[in-house]
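A.B. asks: For the sequence shown, the working numbering begins at 2 and goes up steadily by one. Just so it is clear, CB atoms sit at the ideal spot from N, CA and C, and this is done for glycine as well. These numbers come from a predicted model, not from an experiment.
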Amino acid sequence: MGLYVVTLRFPEAFDEEFVALIPRHRAFINNLIEENIILSYAISADRSRGWVTMYGASAESVQGVVEQFPLFRFLRQVEVDELFVFDSTATRLPKISLN
Numbered sequence: 002m003g004l005y006v007v008t009l010r011f012p013e014a015f016d017e018e019f020v021a022l023i024p025r026h027r028a029f030i031n032n033l034i035e036e037n038i039i040l041s042y043a044i045s046a047d048r049s050r051g052w053v054t055m056y057g058a059s060a061e062s063v064q065g066v067v068e069q070f071p072l073f074r075f076l077r078q079v080e081v082d083e084l085f086v087f088d089s090t091a092t093r094l095p096k097i098s099l100n
């Protein structure tokens, strides 16, 4: 399994249909996080872009998962890039406390 980062571009304005799908979209994302398919999910403060770090067999299989996102049809652009290095505090062992 490779590790990929997916860059999402959201529409400039969110209509009622988009907003109504947000709870279903978040439930779908949360399920993928619990299944350890998505490692991280982030949306920019201005809500114009998002980044999803996820595991997949190939860029095509990752694209296939993204196409199942409830908000997929509203996305203006989707980029899938395989990562060579991904390092974060979340992927490291916890610090040892001698207390």
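(1) With DSSP as the reference, please indicate the residues paired to VAL6 in a beta bridge.
(2) Would you grab the beta carbon distance between ARG77 and PHE11 for me? Rounded to a whole angstrom, and I think it's under 8 Å.
(3) Starting from the C-beta of SER41, find all residues in its chain whose C-beta is less than 6 Å away, skip the five residues before and the five after it, and write them out in chain order.
(4) What distance in whole Å lies between the Cβ atoms of VAL86 and ASN60, which are believed to be in contact at a cut-off of 8 Å?
(5) Anyone know if the C-beta pair for TYR5 and GLY57 falls short of 9 Å?
(6) Can you give me the Cβ contacts of SER84 inside the same chain, cut-off strictly under 8 Å, excluding the 5 residues immediately before and after it?
(7) Rounding to the nearest angstrom, what Cα-Cα distance links GLU68 and ARG93 in this structure?
(8) Can you tell me which of the three DSSP states LEU94 falls into?
(9) Quick check on DSSP: helix, strand or coil for LEU76?
C.D. replies: Reading from the atomic positions:
(1) For the purposes of this step, residue 6 is taken as residue 5 along the sequence shown, with counting starting at 1. Paired residues: THR54, ASP82.
(2) Counting from one through the sequence shown, the residue named residue 77 turns up at place 76. Counting from one through the sequence shown, the residue named residue 11 turns up at place 10. That belief holds up - the Cβ atoms of ARG77 and PHE11 are roughly 7 Å apart, short of 8 Å.
(3) Against the sequence shown, residue 41 aligns to sequence position 40. Correct list, in chain order: THR54.
(4) As a position in the sequence shown, residue 60 is number 59, starting the count at 1. As a position in the sequence shown, residue 86 is number 85, starting the count at 1. Correcting the residue identity first, residue 60 is Ala in this sequence and not Asn. With 8 Å as the limit, ALA60 and VAL86 do not qualify as a contact, their Cβ atoms being about 17 Å apart.
(5) Counted from its first residue, the sequence shown places residue 5 at position 4. Counted from its first residue, the sequence shown places residue 57 at position 56. A contact, by the Cβ cut-off of 9 Å.
(6) Numbered from 1 along the sequence shown, position 83 holds the residue referred to as residue 84. Contrary to the premise, residue 84 reads as Leu rather than Ser in this sequence. GLY3, LEU4, TYR5, VAL6, THR54.
(7) Taking the first residue of the sequence shown as position 1, residue 68 is located at position 67. Taking the first residue of the sequence shown as position 1, residue 93 is located at position 92. Looking at the two C-alpha atoms, the distance is approximately 30 Å.
(8) Your numbering for residue 94 matches position 93 in the sequence shown. Looking at LEU94 - three-state DSSP - the assignment turns out to be coil, as it is neither helix nor strand.
(9) As a working mapping, residue 76 is identified with position 75 in the sequence shown. Of the three classes helix, strand and coil, the one that applies to LEU76 here is coil, per DSSP.
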